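**Student:**
Numbering (the working numbering), first residue to last: 118 to 240.
#1: For the alpha helix (DSSP H) that residue 159 lies in, which residues bound it at each end?
#2: Does the Cβ of residue 223 have 16 or more other Cβ atoms within 10 Å, making it buried, or fewer, making it exposed?
#3: Counting pairs of Cβ atoms below 8 Å between the segment 204-223 and the segment 176-195, do you hit three or more?
#4: Might you give, ordered along the chain, the residues of its own chain that have their beta carbon closer than 6 Å to the beta carbon of residue 148, omitting 5 neighbours on each side?
#5: Use the C-beta contact count for residue 190: other C-beta atoms within 10 angstroms, 16 or more gives buried, fewer gives exposed.
#6: Over what stretch of residues does the alpha helix (DSSP H) that includes residue 147 continue unbroken?
#7: Short of 6 Å in beta carbon distance, which residues of its chain neighbour residue 118, apart from the five on each side in sequence? Order them along the chain.
#8: Excluding sequence positions up to five away, which residues of its chain have a Cβ less than 6 Å from the Cβ of residue 218?
#9: In its own chain, which residues sit with a C-beta less than 6 Å from the C-beta of residue 213, not counting the 5 before and 5 after it?
#10: Tell me the rounded alpha-carbon separation between residue 158 and residue 204.
#11: Tell me where the alpha helix (DSSP H) around residue 211 begins and ends.
Structure, rendered in C-alpha cells:
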C-alpha cells in the first residue's frame, strides 16, 4: 500500500485504514504493518519497544532512586548509570543506603537489599 513505510496507528485504528480495529496501538502496528521495515509505526507508540530490553541489575554502580518518596527510598544499579554530575555513584548498595537514606528510622533502604545487614553478626 502507498505510504506503508510511514503507516502508524491512532487508538486503535491504523492511519489511513479503517477495515480493522485493535485492542492496543501495539497490536495495531503488529497487525496492520507486520512487515514495515522503517519501524515508523512502533516509534510513535507511547511506550515504544526497543531493539533490546533495557538492562537491569547493572554494574557495581549504585545510586539513589529519585522516582520514589525518600521515606521509601532505595538504591538501584540499573544501567545505564546516570551521567548527571549531581548523582553520586557508590560501589555498594549498602554504602548508598547509608549515605543517601541514613535518616530512615526504619532502615527501609537497607531492608530491601538481597542480603540485608543484621543488627548483630551471625555465627
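Virtual Cβ for every residue (Gly too), placed ideally from N, Cα, C. Computed from a predicted model, the values in this text were never measured in an experiment.
**Tutor:** If we stick to the structure as given:
#1: In the chain shown, residue 159 corresponds to position 42, counting from 1. 157-160 is the extent of the alpha helix (DSSP H) around residue 159.
#2: Along the chain shown, read from residue 1 onward, the residue named residue 223 stands at position 106. Exposed, since its Cβ has fewer than 16 Cβ neighbours within 10 Å.
#3: yes
#4: For the purposes of this step, residue 148 is taken as the residue at position 31 of the chain shown. Counting only Cβ-Cβ distances below 6 Å, and skipping sequence neighbours, we find 139.
#5: As a working mapping, residue 190 is identified with position 73 in the chain shown. Buried, by the Cβ-count rule.
#6: Here the question's residue 147 lines up with position 30 in the chain shown. Per DSSP, residue 147 belongs to the alpha helix (DSSP H) from 142-149.
#7: For this step, residue 118 is matched to residue 1 along the chain shown. Low local confidence applies: a pLDDT of 48 at residue 118 is under 50, so the model's placement there is unreliable, with the coordinate-based value given in what follows. None.
#8: Counted from its first residue, the chain shown places residue 218 at position 101. Excluding sequence neighbours, residue 218 sits near 190 and 226.
#9: As a working mapping, residue 213 is identified with position 96 in the chain shown. Same-chain partners within the cutoff: 179, 192 and 207.
#10: In the chain shown, residue 158 corresponds to position 41, counting from 1. In the chain shown, residue 204 corresponds to position 87, counting from 1. Distance between the alpha carbons of residue 158 and residue 204 is about 35 Å.
#11: By 1-based counting over the chain shown, the position of residue 211 is 94. It spans 210-218 - the alpha helix (DSSP H) in which residue 211 sits, taken as one unbroken run.
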